[in-house]
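There are 2 protein chains.
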Amino acid sequence: MTYRTNSPSDKPAINFEVIARDGEARAGILTTRRGIIETPVFMPIGTAGTVKGVRFEALEDELDARIILGNTYHLWLRPGVEVIRSCGGLHRFIGWQRALLTDSGGFQVWSLGDLRKITEDGASFRSHLDGSSQFLSPEISMEVQAALGSEIVMALDECAAGEAPHDVSRQSMELTARWARRSRARFDSLQSEEMDLGRTEVTEAISGSQALFGIVQGGAHLDLRRESLLRTREIGFDGYALGGLSVGEEKSVMWKVVSELAPEMPANQPRYLMGVGTPEDLVEAVSYGVDMFDCVLPTRNGRTGQAFTSRGKINVKNAQWALDTKPLDDACLCSVCRRHSRAYLRHLYMSGELLASVLLTHHNLAFFLDTMRRVRQSIRSGDFMNFRQEFTEGLKAYEEERALST
Amino acid sequence: MTYRTNSPSDKPAINFEVIARDGEARAGILTTRRGIIETPVFMPIGTAGTVKGVRFEALEDELDARIILGNTYHLWLRPGVEVIRSCGGLHRFIGWQRALLTDSGGFQVWSLGDLRKITEDGASFRSHLDGSSQFLSPEISMEVQAALGSEIVMALDECAAGEAPHDVSRQSMELTARWARRSRARFDSLQSEEMDLGRTEVTEAISGSQALFGIVQGGAHLDLRRESLLRTREIGFDGYALGGLSVGEEKSVMWKVVSELAPEMPANQPRYLMGVGTPEDLVEAVSYGVDMFDCVLPTRNGRTGQAFTSRGKINVKNAQWALDTKPLDDACLCSVCRRHSRAYLRHLYMSGELLASVLLTHHNLAFFLDTMRRVRQSIRSGDFMNFRQEFTEGLKAYEEERALST
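Chains U and A, in that order, give the protein sequences. Residues 799 to 1204 in our numbering are what the first sequence lists, from first letter to last. Residues 799 to 1204 in our numbering are what the second sequence lists, from first letter to last.
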């Protein structure tokens, strides 16, 4: 494998160091041009330039999120790349000075279903906003992500359906490999043209340029996954992601792929499992050596009244909480749990109050980010397997209480 | 006039001291059982137990709101008084330990129009939530407000239409006077029965009980307003409010009533102008000696994309802000203006993002509360008239720029 950084200064765009291992699980330090990220890390989703309902002050100060994810598809369509370029890139546009990872837009376009058509060249689709005809290619995705100026850019991939047969998955994987090469080429030329709007000064450790991650596809088929990994590594990226999982396939399929593939991914580079998952999923994936995660669950479910707690999920709508003066999670030290009761949160939700989404999202992010802190701590102290067992058992507590009470 | 406090300890429920005057304008210190409030003060609206979209941490820390308003009508119907009672009163239910003022519910019921019928006994109406039949009387309003446990309780009043003729306004004013007496009687018995869920320890200065304010009605008719003030003072309250203004009458009518009546209200007690108003309204009312205000403008208009600034109002929807990297208000030091641009706020609003409401509401409250801080400062330094002139001229800046540019 050749490990290329393609930075004009011949320094890497990011630096990744594994500082502790416990089985396959690993704790690391990912150094970006906008700060240090301890891994395993959960990245809150900031789709349209905002983690929905959460102020950046809360993300920085209390939640201490070191990196958030922006969606190229959404930002490209609205407000549009010219607005963001004119405002100096995504960091300056939204007022966030820490690290950003942007996806390629490919997954959102793929999710449009009948509204998109994929060819060798790229994906033609109709905007979900106004029905206008749009075209996304590896080159365009790199150009948009350069204008966004994220620290970590994702190559444009093509995602097969969760249960796609071998031949369909092969075609998709091969297209992904060709698009990865085109992504790499356009990314490199944009970097050398200094088109990246997030560029910072070169430091001793890093180049100040964007980093580019490749994506491993191949659906449920391990041979295709391995081939995809090999072909992606041949091109050479700053990190590697597992894509096309958690897209409707059986959960056992996902675990087969993650458990086999993650340990085979480059040991000295970050491994990113895209779009996963529940708290228990994160902990399980860490046990196979995954370093990075993103998922809509804490934010989206917060808006629909679901809270994640150390004893399982709570639906705040339930009448059983109407008079409950306890916090969402006794074990949680977040500002929502320190101040507010289930009864109040239920009232806010039932009244359609904005603050219900704001507070539930905040708590859920606190729970996810705190879980990752505890994961890192347990790996560093060689206690990950115990942590995992206790954590997973704790998550079942409410289920068991309910079973006993009926 | 007899000034009664009706507190079991014979101490007043609140203490009010005027510490500076500039013309009719006055700066004071209102001591409640939950903290000291500098006046003139603006009270953010917390209708259903939440200042919509604003976390209590922000209200306490950055905005430093010392008192917020809760709506008896809304809280009574949802979550209901039994829920709030069971959770220990409104402060504990919502997680706010500073002062609360609750209105009587009368104005909301009056606003229901054809859905309500008012008799001597009280107001029959149908709930806006489920159409159920409800009945509000002075006694019930006092009972609900005792369960809420607010620091300042408002007597139940009846509000005539803004342009009501003399005979209609007289009937309404006289009913208000009779309801004020019933409010006072039920309030006093509830206090002596210790039914107030917000009760605190008696201190050297205050009793730890709730305070009760009377409301002056009489529509646009100065003779009725004066008679109402006299009859309300005869009953005796801890403070006096001007009600039934800013309800559709001509603005000149409101100013005629406020300018004549406010200076005639008891000099040593707080004067509260209900439901008013714009930043310029607040400053003008202060010039007639008003001490307390509440208004939905900063919160409601924030949710519909309107920002109040020192140079006039901004509608963030306007395309002219699409590339504008300046803050909403150059002169504002709030956390929204320190971090975010008009372009970003416009993007959030156009994208229907929760954060648009959150940030615009925060800024608007910061602007209103900061304006009141500057009002108090200018009164204390004897510079109120200069402040008022500069402030009012500043608010026209955008209008003048627009006029020049067309």
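Every residue gets a Cβ at the ideal spot worked out from N, C-alpha and C, and that includes glycine. From a predicted model like this one, the values you see are computed outputs, not experimental measurements.
Give me the residue from U:L946, U:E1082, U:L1143 and U:R1178 with the minimum Cα distance to U:E1191.
On the first sequence, position 393 is the one that residue 1191 of chain U refers to. Nearest C-alpha to U:E1191 among U:L946, U:E1082, U:L1143 and U:R1178: U:E1082.
Give the single residue among U:F891, U:H1138 and U:Y1147 whose Cα lies nearest to the Cα of A:F854.
Here residue 854 of chain A refers to the residue found at position 56 when the second sequence is read from its first residue. Closest by alpha carbon: U:H1138.
Following the continuous alpha helix (DSSP H) through A:R824, name the residue where it begins and the one where it ends.
For this step, residue 824 of chain A is matched to residue 26 along the second sequence. Unbroken run through A:R824 is the beta strand (DSSP E), A823 to T830; no alpha helix (DSSP H).
A:A1018 and A:V1051 - do their beta-carbons sit closer together than 7 Å?
Locating residue 1051 of chain A in the second sequence gives position 253, where the first residue counts as 1. Locating residue 1018 of chain A in the second sequence gives position 220, where the first residue counts as 1. Going by C-beta atoms, A:V1051 is nearer than 7 Å to A:A1018.
Less than 7 Å between the C-beta atoms of A:T974 and A:Q1015, yes or no?
What you label residue 974 of chain A is simply residue 176 of the second sequence in a count that begins at 1. What you label residue 1015 of chain A is simply residue 217 of the second sequence in a count that begins at 1. Contact flag set, yes.
Mapping DSSP to helix, strand and coil, what is U:Y871?
For the purposes of this step, residue 871 of chain U is identified with residue 73 of the first sequence, where counting begins at 1. Here U:Y871 sits in helix by DSSP.
How far does the alpha helix (DSSP H) with U:T1001 in it reach, from first residue to last?
On the first sequence, position 203 is the one that residue 1001 of chain U refers to. Boundaries cannot be given for U:T1001, as no alpha helix (DSSP H) includes it and DSSP labels it neither H nor E.
What is the rounded straight-line gap between the Cα of A:E822 and the Cα of U:K1111?
As a first step, residue 822 of chain A is located in the second sequence; it is residue number 24 there, counting from the start. As a first step, residue 1111 of chain U is located in the first sequence; it is residue number 313 there, counting from the start. Cα-Cα distance, rounded: 58 Å.
Looking at chain U, which residues of the region 1125-1144 of chain A have a Cβ within less than 7 Å of any of its Cβ atoms?
Residues S1133, R1137, H1138, S1139, A1141 and Y1142.
Please tell me whether A:D1127 and A:S1108 are closer than 7 Å, where the distance is taken between their beta carbons.
Here the question's residue 1127 of chain A lines up with position 329 in the second sequence. Here the question's residue 1108 of chain A lines up with position 310 in the second sequence. Judged by beta-carbon spacing, A:S1108 lies within the 7 Å limit of A:D1127, meaning their Cβ atoms are closer than that value.
Determine, using beta carbons only, whether U:G893 comes closer than 7 Å to chain A.
By 1-based counting over the first sequence, the position of residue 893 of chain U is 95. U:G893 counts as touching chain A.
So which residues on chain U does A:R876 lean against when the C-beta distance must stay under 9 Å?
Within the second sequence, numbered from 1, the residue matching residue 876 of chain A stands at position 78. Correct list: H1145, M1148 and S1149.
7 Å Cβ cutoff, U:V879 in contact with chain A:
Here residue 879 of chain U corresponds to residue number 81 of the first sequence, with the count starting at 1. Not closer than 7 Å to any Cβ of chain A, the Cβ of U:V879 fails to qualify, so no.
Name the chain A residues whose beta carbon is nearer than 9 Å to that of U:T1123?
Stepping through the first sequence from its first residue, residue 1123 of chain U is reached at position 325. S884, C885, G886, R890 and F891, listed in chain order.
Kindly indicate which three-state DSSP category U:R849 falls into: helix, strand or coil?
Against the first sequence, residue 849 of chain U aligns to sequence position 51. According to the sequence as given, residue 849 of chain U is Val; it is not Arg. The answer is coil: DSSP assigns U:V849 none of H, G, I, E or B.
U:F1165 - DSSP class collapsed to helix/strand/coil:
Numbered from 1 along the first sequence, position 367 holds the residue referred to as residue 1165 of chain U. Correct three-state label for U:F1165: helix.
Which of the three DSSP states is assigned to A:D808 in this structure?
As a first step, residue 808 of chain A must be located in the second sequence, where it is residue number 10. A:D808: coil per DSSP, three-state reduction.
Where does A:F1189 fall in DSSP's three states?
As a position in the second sequence, residue 1189 of chain A is number 391, starting the count at 1. In the three-state DSSP reduction, A:F1189 falls in the helix class (H, G or I).
With a threshold of 7 Å between beta carbons, is U:T800 in contact with chain A?
The residue given as residue 800 of chain U occupies position 2 in the first sequence. Residue placement at U:T800 is flagged as unreliable, the pLDDT there being 40, under the threshold of 50; the coordinate-derived value follows with that caveat. For U:T800, the answer is no, since every Cβ of chain A falls outside 7 Å of its Cβ.
Distance, Cα to Cα, U:E956 vs U:S1057?
Residue mapping note: residue 956 of chain U aligns to position 158 of the first sequence, counting from 1. Residue mapping note: residue 1057 of chain U aligns to position 259 of the first sequence, counting from 1. Using only the alpha carbons, I get a separation of about 22 Å.
When the cut-off is 7 Å and only beta carbons count, does U:K1115 lie next to chain D?
Absent from the structure: chain D. Protein chains present are U and A.
Verify the CB distance criterion: does A:N804 have a CB-CB separation below 7 Å to chain U?
Indexing the second sequence from 1 puts residue 804 of chain A at position 6. Confidence is the limiting factor: at A:N804 the pLDDT is only 48, short of 50, which leaves the residue's position unreliable and the question unanswerable from this model.
From A:L1121, A:V852 and A:D1168, pick the residue whose C-alpha is nearest to that of U:R876; which is it?
Taking the first residue of the first sequence as 1, we reach residue 876 of chain U at position 78. Of the listed residues, the one whose Cα sits closest to U:R876 is A:L1121.
Who are the neighbours of U:K1049 on chain A, taking C-beta pairs under 9 Å?
Along the first sequence, one-based indexing puts residue 1049 of chain U at 251. Under the 9 Å cutoff, chain A gives no residues; its nearest Cβ is about 31 Å from U:K1049.
Positions along the region 1065-1076 of chain U whose CB lies within less than 8 Å of some CB in chain A
Within the region 1065-1076 of chain U, no residue places its CB atom closer than 8 Å to a CB of chain A.
Using only the alpha-carbon positions, how far apart do A:S1179 and A:R1200 sit?
Taking the second sequence and counting its residues from 1, one reaches residue 1179 of chain A at position 381. Taking the second sequence and counting its residues from 1, one reaches residue 1200 of chain A at position 402. Rounded to the nearest angstrom, the two C-alpha atoms are 34 Å apart.
Straight-line Cα distance separating A:E1078 from A:R767:
Absent from the model: residue 767 of chain A. The displayed extent of chain A is 799 to 1204, so no value can be given.
Straight-line CA distance for A:L1193 to A:Q1104?
Walking along the second sequence from the start, residue 1193 of chain A turns up at place 395. Walking along the second sequence from the start, residue 1104 of chain A turns up at place 306. The alpha-carbon separation between A:L1193 and A:Q1104 amounts to approximately 14 Å.
Helix, strand or coil: how does DSSP classify A:S884 here?
Numbered from 1 along the second sequence, position 86 holds the residue referred to as residue 884 of chain A. Note: A:S884 maps to helix in three-state DSSP.
Can you find the residues in the same chain that come closer than 8 Å, C-beta to C-beta, to U:S930, ignoring five residues on each side of it along the sequence?
As a working note, residue 930 of chain U is residue 132 in the first sequence. Same-chain partners within the cutoff: R924.
Does the beta-carbon of A:N1116 have 16 or more other beta-carbons within 10 angstroms, so that it is buried, or is it exposed?
The residue you call residue 1116 of chain A lines up with position 318 of the second sequence. By the C-beta density criterion, A:N1116 is exposed, having fewer than 16 other C-beta atoms within 10 angstroms.
Measure the Cβ-Cβ separation of A:H889 and A:T845 and say whether it is below 7 Å.
Residue 889 of chain A sits at position 91 when you count from the first residue of the second sequence. Residue 845 of chain A sits at position 47 when you count from the first residue of the second sequence. Taking 7 Å as the Cβ cut-off, A:H889 and A:T845 do not qualify as a contacting pair.
Within 8 Å of chain U by C-beta, residues of the region 946-962 of chain A in sequence order:
If the cut-off is 8 Å between Cβ atoms, the region 946-962 of chain A has nothing near chain U.
Pick helix, strand or coil for U:T1097, following the three-state DSSP scheme.
Against the first sequence, residue 1097 of chain U aligns to sequence position 299. The answer is helix: DSSP assigns U:T1097 an H, G or I state.
Measure the C-alpha to C-alpha separation of A:F1182 and A:G1100 and round it to an integer number of angstroms.
Reading the second sequence from its first residue, position 384 is the one you call residue 1182 of chain A. Reading the second sequence from its first residue, position 302 is the one you call residue 1100 of chain A. Distance between the alpha carbons of A:F1182 and A:G1100 is about 28 Å.
May I have a chain-ordered list of the beta strand (DSSP E) segments no shorter than 3 residues that lie completely inside the region 988-1042 of chain A?
Qualifying beta strand (DSSP E) stretches, in chain order: 1009-1014 and 1037-1040.
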